[in-house]
Amino acid sequence: METGASVPVQVRPGAPLGGGGYRTRPLAPLIGAEILDIDLSKPISDESAAALRAIWHENCIVLFRDQTIGEEDQVRFAQCFGEPSMRLLNRHDGTSKSHPGVMFISNIRENGQLIGALPDGEMMFHSDQCYIERPAMASMLYAIEVPSRGGNTLFGNMYAAYDALPQALKTRLAGMRALNVYDYEGNPTHRGEARPEAPQHVHPIFRTHPETGRKALYVNRLMTEHIVGIDRAESDRILNELFDHLENPAWIYEHVWRPGDLLMWDNRCAVHARSDFDASERRLMRRCTVLGDVPYES
Ligand code: OGA
Ligand code: MN
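Okay, so the sequence shown: first residue is 2 according to our numbering, each after it adds one.
Next comes the structure, spelled out in structure tokens:
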């Protein structure tokens, strides 16, 4: 267990100290904070929830280690941030039997049946639910079983990615939109013509965060299919440039999971990916998502 007292407080230059009495420490130079001194199995006051939201907005992702929480606790914590969003997919989705707002991400099979969604291997960078009108604002994973190596989750700060774009590209793409498609169950590396039956939605390429007012790059290699209103070759060229740009390690944090970790990310300003892991090892994460609003650029 982290015993708060022995852990030195480190604050990212320019970032306000956590507030609400929480001590934080950065996870990587440009993204992420670990929040210390908190037990998520206990209810959180409105004042503390406001302090946690402020730290989260500042850092895009927050990590809590050594938590022992049940489904009820996780749902209650999610409600500090908004309304839990219910599962979207009806196929083999790992939805918890007791809580429609909880699902499992797992490669474990019981009686030959997968018990969770997104079971195996690597996943490319993406932002959750960008293929629907109101994508999840927050997603959180609670680690229950983790493989001995790999299966790490990587997070990228999309404010930093936006800020670092060449001015010519910012100007060129301002106000433009792209189509995001959920069609990766078959071949995760294929980005071709969007099948009409695949869930899909057009969203701004640059998204204004409703809480911070900052702009973030809002495209991703896994799901963004084409830029609306320009020819396909030009769209492919620009998207490939954006994907390479946003995966720059300068603003990425790679999380190596331990059981008891709860990590929550902001899909409005962060992308995430998963590294490969041995299919014969068990991985079990409990996930909740919080409903977001319609992305816009201002
Ligand atoms: C997700 C997701 C990555 C992981 O749950 O949305 O992308 O590390 N998970 O399992
Ligand atoms: Mn995801």
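For every residue, glycine included, the Cβ atom is placed at its ideal position computed from N, Cα and C.
Item                                                                                                                                                              : Value
Within a Cβ cutoff of 8 Å, which residues of the same chain sit near I145, ignoring the five residues on either side of it in sequence?                           : P260, L285, M286 and R287
So does L106 have its beta carbon nearer than 7 Å to some heavy atom of the ligand OGA?                                                                           : According to the sequence displayed, residue 106 carries Ile and not Leu. Checking every heavy atom of the ligand OGA against the Cβ of I106, one is found closer than 7 Å.
If I measure Cβ to Cβ from L243 and keep anything under 7 Å in the same chain, skipping five residues before and after, which residues do I get?                  : L218 and V220
If you count every other CB in all the chains shown that lies within 10 Å of the CB of I206, and 16 or more means buried, which is it?                            : buried
Using the three-state DSSP reduction, which class does N181 fall into: helix, strand or coil?                                                                     : strand
Please name the residue, chosen from E226, A234 and G176, that lies closest to T209 on a Cα-to-Cα basis.                                                          : G176
Just how far apart, CA to CA, sit A34 and E59?                                                                                                                    : 9 Å
What do you reckon, are the CB atoms on M159 and V229 nearer than 8 Å?                                                                                            : no
With distances taken from CA atoms, which of E282, V291 and D294 is nearest R110?                                                                                 : E282
For Q114, is the classification buried or exposed, using 16 other Cβ atoms within 10 angstroms of its Cβ as the cut-off for buried?                               : exposed
Just list the alpha helix (DSSP H) runs in the segment 14-90, keeping only unbroken ones of 4 residues or longer that don't cross its boundaries, in chain order. : 47-60 and 72-79
What is the residue span of the beta strand (DSSP E) that I106 lies within?                                                                                       : V103 to S107
On the CB-based measure, 16 or more other CB atoms within 10 Å of its CB, does A280 come out buried or exposed?                                                   : exposed
Identify which residue in A162, R178 and T213 has its Cα closest to the Cα of R54.                                                                                : T213
Less than 8 Å between C-beta atoms, sequence neighbours within five positions excluded: which residues of the same chain meet that for V126?                      : The identity of residue 126 in the sequence shown is Phe, whereas the question assumes Val. Contacts found: L155, G157, N221, R222, L223, F244, L247, E248, V272, H273 and A274.
On the premise that H204 lies in contact with N181, defined as a C-beta separation below 8 Å, what is that separation, rounded to the nearest angstrom?           : 6 Å
Roughly how many angstroms separate the alpha carbons of F78 and Y23, rounded to a whole number?                                                                  : 16 Å
Please return the same chain residues whose Cβ sits closer than 8 Å to the Cβ of G162, not counting the five positions on each side in sequence.                  : According to the sequence shown, residue 162 is Ala rather than Gly. Only A217, L218, H246, L247, N249 and W252 meet the Cβ criterion.
Tell me whether L328, by its Cβ, gets closer than 7 Å to a heavy atom of the ligand OGA.                                                                          : Outside the displayed range of the chain (2 to 299) lies residue 328, so it cannot be described from this structure.
Can you tell me whether Q75 is buried or exposed? The criterion is at least 16 other CB atoms within 10 Å of its CB, across all chains shown.                     : buried
Can you pull the DSSP bridge partners for L218?                                                                                                                   : F207
So, helix, strand or coil for A251, using DSSP?                                                                                                                   : helix
Can you find a heavy atom of the ligand MN that lies under 7 Å from the Cβ of H202?                                                                               : no
Quick check on this structure: which residue in I239, D262, C131 and E73 has the alpha carbon closest to the alpha carbon of P44?                                 : E73
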